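Enquirer: Got a structure for you, questions after.
There are 2 protein chains.
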Amino acid sequence: MTVKLKDIAKHLNVSVSTVSRVINNRDRVDEKTRKRILEALEEFQYRPNEVARSLKSKTTKAIGLIVPGISNYFFATVIKGVEAIARQHGYHLILCMSDEDKEREGEYTDFLLQRQISGLVVAIVGREAGFFQKYKNLGIPVVFIDNLPDIDDNFDYVVIDNVKASRELTNHLIHIGHQKIAMITGSLHESVSDERLEGWKKALTENGIPINKKWVGIGDFKQESGYRIMQGFLQQAELPTAIVAANNLLAYGAMQAIMEAGLRIPEDIAVVCFDAIDFIGLIKPQLTSVIQPAEDIGTIAGEIILRKMNQTKMKVFERIMLEPQLEIKESCGYSKQADKK
Amino acid sequence: MTVKLKDIAKHLNVSVSTVSRVINNRDRVDEKTRKRILEALEEFQYRPNEVARSLKSKTTKAIGLIVPGISNYFFATVIKGVEAIARQHGYHLILCMSDEDKEREGEYTDFLLQRQISGLVVAIVGREAGFFQKYKNLGIPVVFIDNLPDIDDNFDYVVIDNVKASRELTNHLIHIGHQKIAMITGSLHESVSDERLEGWKKALTENGIPINKKWVGIGDFKQESGYRIMQGFLQQAELPTAIVAANNLLAYGAMQAIMEAGLRIPEDIAVVCFDAIDFIGLIKPQLTSVIQPAEDIGTIAGEIILRKMNQTKMKVFERIMLEPQLEIKESCGYSKQADKK
DNA sequence: CTGAAAGCGCTAACAT
DNA sequence: ATGTTAGCGCTTTCAG
């Protein structure tokens, strides 16, 4: 049996409230009794029961986290960011993986709500977020990352400007001489895929390059999907000279297909993508890509939650768009092309 | 304000206990009142407060998880395994990252304890586990993964036999003709590093190959460390023809150093390691390595916790050693060597 | 079959 | 300065 407040109190012939006071450093307590209590606390290795505290204080100091999975380096890094902030403030993380499953996402939402979490950071699967209303009603702060819901703009989020990032990535290709640029993206039911496709279109249009629908591949953010789509491109009469992939796995798949077809990267076909975080440095050719500031996304999301928790007026929303970093490596062939600026 | 049992009871002019009964499907309740209650529950969108339930039931259904970090694919996958089991049983995960810091590990231990977790899965940083005694006293099941504490054998764990795995990995090199085999491992304060070094020694000794202390590099499981140690090897008069690295990052670092020195892998120096989970398939040459069944480690750890929770006698310990998989790829040069069997 | 009441461990008025 | 007591929201005897 673990020792509780009452045990300490009884042992010292004082009241539980006095003990509670010294534990929480509240009010005045006589120095002598304080000392005695402190000693007993130590002697009995007393540790407050946080469940009881939570029930009383109505705050669990738990931050719920719903992500598709953590094998993805991006999400692993975001979580690392949230964890850092949480730890600094005595909060903890309840980790839930939706595994790209809408239903599971909904289940976890209810689950976390019942567990009285103090805040939620979520990367939703689709573009709907009906569940969010519940949180709003309860006054629990929710911060969206990655995909954004397709509702009004009245919510907090931390993302990058995907349209802009994709546009710049594509513009880089155009800038170094490419005209025949294909796009491989994920499901258009996700804002991220959709916006990256949008940025690609924008760049082409702005540069007077017609959009070739045959060069748009819609997949699912997995390597297999990039591979398959690229194979499709390769079977067409006219080949693109460059590929924009909406994430790293799609790019890896495309690269496989290109290399298997006996073509060279970037000489025959250039490849660029999002989030090619090659911490290994051994993938050849190294991928030119737009890198999201994943850890910052996590820390900022955490900070927003903490901030919102201590304010009653939740109507002011923080809509954070961070700047991604364009990292030019080998796969775009930049160094081998003339700079036409 | 969220709706509670009392509100429903009052609304229906029944007692809270009756409402509680239908929620938990306990005892007999008149069909009519049950129906009325069920409807009200639905109407008011009642959701039980799990904190209150936990206080009463003295079980939180929370599994604590302490790992160095989740950027490491191995841990990310272990967690995925634990999550699957937890979810199936209505448990949830509290994720803590020690960041390889002993002190932080200890803090999180206390932290989780106060939060009344039902069980703990932990990858300890060093080999000590003084805190473990606390858990033993409280009757909370703890399962160790990865590193094992340097105490008696009276605890539960799920690991692989590192000595054996490392011995087999090294034997594979010897088998295909190598004699000059160097070892790069992590801190010997960790059982994992130590055992992998042990296995390497064993293989050499068994094959009558003398152990050259100059070919033992002690690093810290990071890529930088592998790079630095390999550079040291390369400066010596005699070069090894093969390297055994205790994890993937050490191997990547070594590969960098080898390639920078203008040497080829595996022609000049072969490289093998642990856990080269190359889900990308683009790292060249592909690494021969011993792969730990990470997801299984997670699920089994989760299952042990659930099992132990429902039994009072905690004295019987589950010591699970899973079989890793030796994956022969390109980096050992197998296909280019004659099989001397 | 249903209700009243105790209590999980703690905090915070309120009283002394 | 310290003690008494009423809950936090729920489950569970124990009566009725």
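Chains as they are written, first to last, in the UniProt record's numbering: chain D, 1 to 341; chain E, 1 to 341.
Note that beta-carbon positions come from the ideal geometry of N, C-alpha and C, so glycine has one too.
All values derive from a computational prediction rather than experimental measurement.
How about residue 69 of chain D and residue 80 of chain E: are their beta carbons less than 8 Å apart?
Expert: Yes, the pair counts as a contact, with Cβ atoms nearer than the cut-off.
Enquirer: Taking 8 Å as the CB-CB limit, is residue 146 of chain D close to chain E?
Expert: Judged by the 8 Å Cβ criterion, residue 146 of chain D is not in contact with chain E.
Enquirer: For residue 151 of chain E, count neighbouring C-beta atoms within 10 Å of its own C-beta (all shown protein chains included) and say buried if the count is 16 or more, exposed if not.
Expert: By the neighbour-count rule (16 or more Cβ atoms within 10 Å), residue 151 of chain E is not buried but exposed.
Enquirer: With C-beta atoms as the reference, is residue 195 of chain D less than 8 Å away from residue 225 of chain D?
Expert: No.
Enquirer: DSSP three-state label for residue 296 of chain D, please.
Expert: Three-state result, residue 296 of chain D: helix.
Enquirer: Could you tell me which chain E residues have their CB closer than 8 Å to the CB of residue 50 of chain D, listed as they occur along the chain?
Expert: Chain E residues near residue 50 of chain D: 114, 115, 116.
Enquirer: Going by the DSSP bridge assignment, what does residue 289 of chain E pair with across the sheet?
Expert: Answer by DSSP bridge pairing, in chain order: E:273, E:327.
Enquirer: I'd like the list of long-range same chain contacts for residue 248 of chain E, defined as Cβ closer than 6 Å, with 5 residues on each side in sequence excluded.
Expert: Closer than 6 Å at the Cβ level, and outside the excluded window around residue 248 of chain E, lie 273, 275, 276.
Enquirer: How big is the Cα-Cα spacing for residue 83 of chain D and residue 308 of chain D?
Expert: So the two alpha carbons sit approximately 17 Å from each other.
Enquirer: Can you list, in chain order, the residues of its chain whose CB lies under 6 Å from that of residue 323 of chain D, leaving out five sequence neighbours each side?
Expert: Once the five neighbours on either side are set aside, residue 323 of chain D has no close Cβ partner at all.
Enquirer: Could you give the first and the last residue of the continuous beta strand (DSSP E) run that contains residue 67 of chain D?
Expert: Where residue 67 of chain D is concerned, the enclosing beta strand (DSSP E) stretches over 62-67.
Enquirer: Can you tell me the Cα-Cα spacing of residue 12 of chain E and residue 37 of chain E, whole angstroms?
Expert: Looking at the two C-alpha atoms, the distance is approximately 7 Å.
Enquirer: Using a Cβ cut-off of 8 Å (strictly closer), state whether residue 331 of chain D contacts chain E.
Expert: By this cut-off, residue 331 of chain D is not an interface position.
Enquirer: So which of E:298, E:197, E:300, E:270 has the shortest CA-CA distance to residue 286 of chain E?
Expert: If we check each option's Cα against that of residue 286 of chain E, E:270 comes out closest.
Enquirer: Smallest Cα separation from residue 50 of chain E: which of D:15, D:95, D:111?
Expert: Selected option, being the one with the closest Cα: D:111.
Enquirer: Suppose the cutoff is 7 Å on Cβ atoms and the five residues either side in sequence are ignored; what does the same chain contact list for residue 321 of chain E look like?
Expert: Excluding residues within five positions, the ones whose Cβ falls inside 7 Å are 159, 160, 161.
Enquirer: Mapping the DSSP letters down to three states, classify residue 245 of chain E as helix, strand or coil.
Expert: In this structure, residue 245 of chain E counts as strand in the three-state DSSP scheme.
Enquirer: Go ahead and label residue 338 of chain D buried or exposed: buried means 16 or more other beta carbons lie within 10 angstroms of its beta carbon, across all protein chains shown.
Expert: Here the model assigns residue 338 of chain D a pLDDT of 45, short of 50, so the residue's position is not dependable, and the following value carries that caveat. Residue 338 of chain D is exposed by the Cβ-count criterion.
Enquirer: Helix, strand or coil for residue 95 of chain D? Go by DSSP, reduced to three states.
Expert: Here residue 95 of chain D sits in strand by DSSP.
Enquirer: Check whether the Cβ atoms of residue 115 of chain E and residue 114 of chain D lie closer than 8 Å to each other.
Expert: Their beta carbons are not under 8 Å apart, which means residue 115 of chain E does not touch residue 114 of chain D by this criterion.
Enquirer: What three-state label does DSSP hand residue 121 of chain E in the structure shown?
Expert: Reduced to three states, the DSSP call for residue 121 of chain E is strand.
Enquirer: Counting contacts by CB-CB distance shorter than 8 Å, is residue 92 of chain D in contact with chain E?
Expert: Chain E, which has a Cβ nearer than 8 Å to the Cβ of residue 92 of chain D, makes this yes.
Enquirer: If you run the structure through DSSP and keep just helix, strand and coil, what is residue 233 of chain E?
Expert: Three-state DSSP puts residue 233 of chain E in a helix.
Enquirer: Check for me: the alpha helix (DSSP H) holding residue 38 of chain D runs from which residue to which?
Expert: Element bounds for residue 38 of chain D: 31-43.
Enquirer: Alpha carbon to alpha carbon, how far is residue 76 of chain E from residue 97 of chain E? Give it in angstroms, no decimals.
Expert: Approximately 12 Å between the Cα atoms of the pair.
Enquirer: Please classify residue 14 of chain D: does DSSP put it in a helix, a strand, or coil?
Expert: Residue state, collapsed to three classes: coil.
Enquirer: Within 8 Å (strictly less), CB to CB, does residue 281 of chain E reach chain D?
Expert: Yes, contact with chain D.
Enquirer: Going by CA-CA distance only, name the one from E:278, E:260, E:216 that's closest to residue 416 of chain E.
Expert: The first residue shown for chain E is 1 and the last is 341, placing residue 416 of chain E beyond what the model contains.
Enquirer: Of all the CB atoms in chain E, is at least one closer than 8 Å to the CB of residue 228 of chain D?
Expert: No, its Cβ sits nowhere closer than 8 Å to a Cβ of chain E.
Enquirer: Where does residue 322 of chain E sit, in a helix, a strand or coil, going by DSSP?
Expert: In this structure, residue 322 of chain E counts as strand in the three-state DSSP scheme.
Enquirer: Smallest Cα separation from residue 64 of chain D: which of D:254, D:310, D:292, D:120?
Expert: Residue 64 of chain D has its Cα closest to that of D:120, out of D:254, D:310, D:292, D:120.
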